[in-house]
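Visitor:
Protein chains in written order, with UniProt numbering: chain Y, 1 to 331; chain D, 1 to 331; chain R, 1 to 331; chain Z, 1 to 331.
1. Sorted by chain position, which residues of the same chain lie with C-beta nearer than 7 Å to residue 116/Z's C-beta, five sequence neighbours on each side aside?
2. At a CB-CB cut-off below 9 Å, which residues of chain Z make contact with residue 152/R?
3. Using 8 Å as the limit for Cβ to Cβ distance, is residue 126/Y near chain Z?
4. Note the first and the last residue of the continuous alpha helix (DSSP H) segment covering residue 39/Z.
5. Check whether chain D comes within 8 Å of residue 129/Y, counting only Cβ atoms and requiring the distance to be less than that.
6. What residue from 170/D, 156/D, 45/D, 275/D has the CA that sits closest to residue 229/D's CA?
7. Determine which residues of the stretch 191-213 of chain Y have a Cβ less than 9 Å from any Cβ of chain Z, and write them out in chain order.
8. Per the contact definition of three or more C-beta pairs closer than 8 Å, is the stretch 182-197 of chain Z in contact with the stretch 215-232 of chain Z?
9. Have a look at residue 318/Y and residue 298/Y and give me their C-alpha separation to the nearest angstrom.
10. Would a C-beta distance cut-off of 8 Å place residue 182/D and residue 119/D closer than the cut-off?
11. DSSP three-state call for residue 145/D: helix, strand or coil?
12. Near residue 268/Z, what residues of its chain come up, given a Cβ to Cβ distance below 7 Å and the 5 sequence neighbours on each side ignored?
13. From residue 21/Z to residue 66/Z, what does the alpha carbon distance come to, in whole angstroms?
14. My output table needs one value for residue 321/D: the three-state DSSP class, helix, strand or coil.
15. Is residue 201/R helix, strand or coil when you go by DSSP?
16. Around the Cβ of residue 258/R, are there at least 16 other Cβ atoms within 10 angstroms (buried) or fewer (exposed)?
17. Taking Cβ-Cβ distances shorter than 8 Å, what residues in chain Y pair up with residue 119/D?
18. Which bits of chain Y does residue 50/D rub up against, with CB to CB less than 8 Å?
19. If you measure between the beta carbons of residue 256/Z and residue 272/Z, is that distance less than 8 Å?
20. Under 8 Å between the Cβ atoms of residue 233/D and residue 206/R?
21. Which residues, taken in chain order from the stretch 225-237 of chain Y, show a beta carbon closer than 7 Å to some beta carbon of chain Z?
22. Can you give me the Cβ contacts of residue 146/D inside the same chain, cut-off strictly under 8 Å, excluding the 5 residues immediately before and after it?
23. What does residue 264/R reach in chain D if we use C-beta pairs closer than 9 Å?
24. Quickly, what does DSSP pair residue 172/D with across the bridge? List them, please.
25. Can you give me the C-alpha to C-alpha distance between residue 332/Z and residue 139/D, rounded to a whole angstrom?
26. Of the choices 220/D, 250/D, 122/D, whose alpha-carbon is the least far from that of residue 227/D?
27. Of the residues 159/Y, 210/Y, 287/Y, 165/Y, which one's Cα is nearest the Cα of residue 386/Y?
28. Should residue 168/Y go down as buried or exposed, given a rule of 16 or more other Cβ atoms within 10 Å for buried?
29. Strictly under 8 Å for the Cβ-Cβ distance: is residue 302/D near chain Y by that measure?
30. Please list, in chain order, all residues of the same chain as residue 50/Z whose beta carbon is under 6 Å from its beta carbon, the five residues on each side excluded.
31. From this set, 237/D, 157/D, 320/D, 281/D, which residue's C-alpha is nearest residue 247/D's C-alpha?
32. Pick helix, strand or coil for residue 113/D, following the three-state DSSP scheme.
33. To the nearest angstrom, report how far apart residue 296/Z and residue 331/Z are at their CA atoms.
34. What runs of the beta strand (DSSP E), each 3 residues or longer, lie entirely inside the stretch 236-320 of chain D?
35. Are the C-beta atoms of residue 38/R and some chain D residue less than 8 Å apart?
36. Using a 10 Å radius around the Cβ and a threshold of 16 neighbouring Cβ atoms, would you call residue 31/Y buried or exposed?
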């Protein structure tokens, strides 16, 4: 397991200075905490016999820690969270998983509450996470009975969770996985809750992202893009960061794209964004986590095998994956 | 919690005689066990404070036990399984949940393994179920990474599970919930596995159901319809039973429809089927579990509240629900 | 072009005797005309230079005319209607295209009004068709602005068309092509119109078909299945016929399936239905019109080329197509 | 009907100076014509008795002509093209419909070839359009048999059309209407054709738009956004213009957004874009052409009625439509 010491070390290794985010989580005077920046959703390394390899996880984190990330998202889809046992989650759980800097002493973790979860269970999980030091909880839309999940039900759910969660809540809408897009009117209502600080939107609909920014502009509410493929466009319409699987392998480049957008260098940003689209699609929609892990191996991280039922890439798929990186000058 | 005594009592109360299914689970001479018949997927009663009400569950089961069901499916979608805690599942778990009669001595349970589950975890769950007396495991398609779940991955998953499961496996395809239809070619391949006895198909595509029956006709493979709405049509193309939410409230009628189909009284069957379509849609797709539980209250069972985030029906919805039953002569 | 003489000849060659449908189109005493039976939607033969080959069309019709069809549907999807020029349509138009027997003197044609059509234009087309002798008009849901096509708009459209059409109207719902399923409540309302005699439903949702039969049972309203894949199931829930592309190549078999269903020989019907599913899918969804035409060549009809942008099958596709027929014993 | 004189007058009234686009359509030296800029897809005015009102059309065009548009798109979806008769289309047809300025002498028209069209018919329509003076043809993906429309078929179709069309071809992908997204690999192949100058992409997937710009960057290929909702984001990833229904009512604002993007004033662009999203959705997806025409009435244009089956807005819908404009400060 990864102890707090490891995470403390990882945190200190991160190149982004604490002083750059004055105040940070200590959100005095009614301001919501600042969650802007880039987060890689880290993978969970497995050994050849499908055990979690904590040593490799630590190594990966230290390597990733050299980039100016805002923090890490763990136990998300890219972490094969659905395939972890309860005990494995506890081994990882007490450690600061998503480091939303600056959080020097407290452990931190941003967590996905998986779709099939009751409101009450979600509340309890945020409490557990706070106890082990998490800084924020990223709460996916409940979707198992999605035919019944209208705006009223979703507002009720998130309000209850945010009321009782000891840590800030980040909404999470990922229609490709859940079949459910958190309605904009629900987002607007929820943005007024003092303990709901933002949303991660993975749908890729930049019209919607712009509208959310617009309609929550008086609420100190922050939008994170859910993928590197539409990161520039999201910044252009007012997003403040992104949770990007691609940052696990092209961390420097994704952070550079952030910087170009923030400093208004849109032409260079466009060129860089263009070269990231195919690699991003390759490690997400096209080849999934098997593709991401294979690419990590190429870039000096430990990727390793996935757990079943996920299958390894075929030779032809691997070749196509490589082409998506070489044709854009990354390999 | 419900102890084995309760389940044993429920089992004995069932009106369907053991002798009518000679052999049953004792599948000698290479025959697969017979799973034909009607199963209500039972709901989980909650108190006003959202606790599981085991007494009401027992009462409901005894009432349901007066109909000639083949058994019960528990901890499925209709049981609000995703909203049960691990400990609550243990309280229910050791009891025979899905009674696939005739199974006089062994406890029995048919269980949904929820989508986010690794192959290895699925195997372990079948072992646990067998230990507490389950007769069969109904295993839903893994779908969390459905972009990667092609036929090869699904065949690998189910083969591994069936190889190691001590109890028979029933495939379960429910595209409305999972976004994934178990491909027919995968079903055909898997039908040859000695420990895979059938499939519950909830998609409602009767062309597909007919094709599955046709292409597995030499495999002693059994198809169950996943809803009462297309039960007659499924029998017409070769299905042998159904898992029908509507059977929780119109148990006698669903069993009568089964009998009419089995005895070739198609005209009467058609008339009865017609009158069940709207009530069935009302307690499933249209009003979900809140609708089903409300209807249970009307029919002398304990329905009671759902757990959040599921919301109660509005007055207008309740009226529309009632109309779907009264207009067909059931209330 | 095909003159009335040709069609008259085709009509007389049909083996189904007029006397078997007493009254027929002369629907006295408020009864709607009887449209029960099987209809092949005929293809449009083209020469090697993509001209319409009227001689081959006539030959095909005479061969098809030896089966006990109820009539023909022409200028539908399978007729590559969207690829015909206006003048080509006139060449075919004046002829009786869909022969709804018995209609000994009047020409007859059942026609698809393609999606992009105003209400007024649809009315005018039914008038033109009546003038050239059509017996009925099959009117597809207007769908170009499907976001605006709610029940009210659709009821308004069909009511206006049926009010002014000199020939009976058959509703046509084909969601796979139009993205729009004619809502059941609209069907029920429209079934009360004296000039709307039925619906062709191509969605394959047998629950819906049963519900339509049930809710229109007092309206003398007839349902035709839109495909041979769910023909038996549709009869089982109350349909009275089908428009089946497969009937272009396995006409005898589709008519035999009709007869088995009508005479209550459900076991034999099931066996036959099973063997028709794969061939049916092959000439429809799987390989489209190129597949249907290729198969026609094998069965002694003239299939010939399609018009661009439709492409010929590859050798591998042709092999797969053939396998769908040989593995079921038809080739 | 609108004669060439009217269109010539409209053209000269356009405020965008010819000299600003030196060369224009006379694309010497192998350069493709420049189609950058904003185009309103104009509506077709009807009288109270549903006749085309050419006088109102002319008035609308003259009013629209005061904004710095690049030209007009006519006979598209917003022009209720599917509801025009052939003769009505001829009345409008000979006039320059889409004015791609500067084209002072030639008539010009950009046209939608509606989905149900054979390759050969599409070719003939481009010839007809060229004869009446069109500058370019916007050719929507053939989609009627979309199951057969793979990349190979689509490349064959567009190549044939572009080979034989006397005027430049603009690809048009609008998955919401056609159920078909022109695959990126097909776009890339087609971008190399000398007579294919660009694509209008209405899908709203900015990742895809960026990828198309990136992969065609050596082909002098131009991308137009299909809606004002994602116009800024499209410019940010390299698009050069847009066909925007909203420009029919907020023409000055859409042109201002273009200018802000082109001059790198991204902050102001973002603020303006935000205020255009809801109005844009209102006149497109939410309330369709009835909404657009109603809004035109408010803004001093002639909107008037739609043809059936399109229905007028209800009072409640009209109120919601108005709110989308007032809440953003436009009314």
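Beta carbons are placed, not taken as given, at the ideal position from N, Cα and C, and that holds for glycine.
Guide: Quick look at the numbers:
1. The predicted model places residue 116/Z with a pLDDT of 48, which falls under 50 and marks its position as unreliable; any figure quoted below should be read in that light. Excluding residues within five positions, the ones whose Cβ falls inside 7 Å are 144.
2. 311
3. no
4. Counting along the chain, residue 39/Z falls outside any alpha helix (DSSP H), though it belongs to the beta strand (DSSP E) covering 37-39.
5. no
6. 275/D
7. 204, 205, 206, 207, 208, 209, 210, 211, 213
8. yes
9. 11 Å
10. no
11. coil
12. 260
13. Its pLDDT being 37, under 50, residue 21/Z is placed unreliably by the model, and nothing is read from it.
14. helix
15. strand
16. buried
17. 307, 308, 309
18. 120
19. yes
20. yes
21. 229, 230, 232, 233, 236, 237
22. 178, 179, 180
23. 264, 266, 267
24. 140/D, 200/D
25. Within the shown structure, residues of chain Z are numbered from 1 to 331, placing residue 332/Z beyond reach of any answer.
26. 250/D
27. With chain Y covering 1 to 331 only, the question about residue 386/Y has no answer from this structure.
28. buried
29. no
30. 307
31. 281/D
32. In this predicted model, residue 113/D has a pLDDT of only 30, less than 50, meaning its place in the structure is not dependable; the value taken from the coordinates is given anyway. It is coil, neither helix nor strand.
33. 12 Å
34. 241-243
35. no
36. exposed
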